[in-house]
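Structure record follows, encoded as structure tokens.
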Amino acid sequence: MSANDAPRAQQPSALYDSAFLKACRREPVPHTPVWFMRQAGRSLPEYRKVREGIGMLDSCMRPDLVTEITLQPVRRHGVDAAIYFSDIVVPLKAIGVDLDIKPGVGPVVERPIRTRADLAQLRDLTPEDVSYVTEAIGLLTRELGGTPLIGFAGAPFTLASYLVEGGPSRTYENAKAMMYGDPGLWADLLDRLADITAAFLKVQIEAGASAVQLFDSWAGALAPGDYRRSVLPASAKVFQAVAGYGVPRIHFGVGTGELLRLMGEAGADVVGVDWRVPLDEAARRVGPGKALQGNLDPTVLFATTEAVEAKTREVLDSAANLEGHVFNLGHGVMPSTDPDALTRLVEYVHTHTAR
């Protein structure tokens, strides 16, 4: 079932008819909807205040804190969708993988997966493992009313990269060595991660998320042939597992201009585009039947208001003939971004595209 086939009776009319969900379904909208990746993050002083002294993973497991952080950018910026505050490694932590998020470094895995025996770290994820997610989404949907909530998860390739490398990497030499040198082990690793990821997304949808986004943050490190053979099957398995819910499925990666059609083929209803490819060209690469999301360069927000508006018009003009468009940055909000610049950007897009 695609997002366009979603049964309307499952959602309140205000939510179903929201600009964000209409754009995802490629329907006419009153204005181009806006949300930002990492909109609930370090650029907001209120975020830094409530997170003070609390580790990232601990923050993700406290429903009261998750609710407050998720709501902050909706209150401040007037965005058209909230995104659930979490981290891509949360489901791995929930099933007992020994990892932590180290400030200034990122996720660090104590025992990287390098052999078949190491796969034993990856058991199935159950709803009970992440009961705090169900609780937080219940609190959020009551607060958000007609504003959609986007659930999210890390894609199998990106999760595998962290697990095999043991932490962030620029070259992915260990992950690629496994992918090329032991394709059977690699396929089994990604297949297991696909099951865990799908289970995590199902929990979020069943708790009330109106859409989901699969972040394949590091897929841009792959050649198209390698992506098709070694990554696409696992991502497709995730999207297929949640297809029956009828919620929009968004797929995003960084540096994935050469992979856009393949990422759409994996099963997304909406393909996220980073800032490197104009949206009209991205639409040509993706092909018909998909909405697009993006794609203002996040660094533009450090320029003058006039420059931000000029670059925003370029994005909107490039999106003028798309079947559906959700405005976003081409990657996450940078920590030192002025929050007021984001607020002005939302207002500008809404005003400039009002129909």
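Heads up: the sequence shown at position 209 corresponds to 208 in numbering that gives the first Met the number 0, and the numbers run straight through without jumps. Glycine residues also receive a C-beta, built at the ideal position from the N, C-alpha and C atoms.
Put simply, of 182, 198, 112 the residue whose alpha carbon is nearest the alpha carbon of residue 127 is 198.
Residue 68: member of the alpha helix (DSSP H) spanning 62-76, first to last residue. The C-alpha of residue 333 is placed about 17 Å away from the C-alpha of residue 48. In this structure, 268 is the residue among 342, 268, 272, 298 with its C-alpha nearest to the C-alpha of residue 21. Closest in alpha carbon position to residue 327, among 311, 320, 202, is 311.
In this structure, DSSP gives residue 101 an extended state, which the three-state scheme calls strand.
Beyond the five residues adjoining it in sequence on each side, residue 71 comes within less than 7 Å, by CB distance, of 39, 43, 45, 46 in the same chain, given in chain order. With respect to the 8 Å criterion, residue 275 and residue 288 are not classified as neighbours on the basis of their beta carbons.
For residue 213 against residue 152, the beta-carbon gap comes to about 6 Å, under 8 Å, which counts as contact. If you look at residue 259, you'll find it isn't in any beta strand (DSSP E); it sits in the alpha helix (DSSP H) that goes 259-264.
Going by C-alpha positions, residue 111 is about 41 Å away from residue 342. Within the stretch 127-214, the runs of alpha helix (DSSP H) that reach at least 4 residues and sit entirely inside it are, in chain order, 130-143, 155-164, 172-180, 182-206.
A distance below 6 Å between beta-carbons, with the five flanking residues on each side excluded, links residue 308 to the following residues of its chain, in chain order: 347. With respect to the 8 Å criterion, residue 155 and residue 114 are not classified as neighbours on the basis of their beta carbons. Residue state for residue 230 is assigned as coil, using DSSP reduced to three classes.
Shown here, residue 40 sits in coil according to DSSP, grouped into three states, outside any helix or strand. Residue pairing for residue 326: DSSP places it in a beta bridge opposite 33, 293. Boundaries of the alpha helix (DSSP H) harbouring residue 19: 18-23, taken from the DSSP string. Around the beta carbon of residue 84, 16 or more other beta carbons sit within 10 angstroms, so the residue counts as buried. In this structure, residue 79 places its C-beta atom within 8 Å of the C-beta atom of residue 33.
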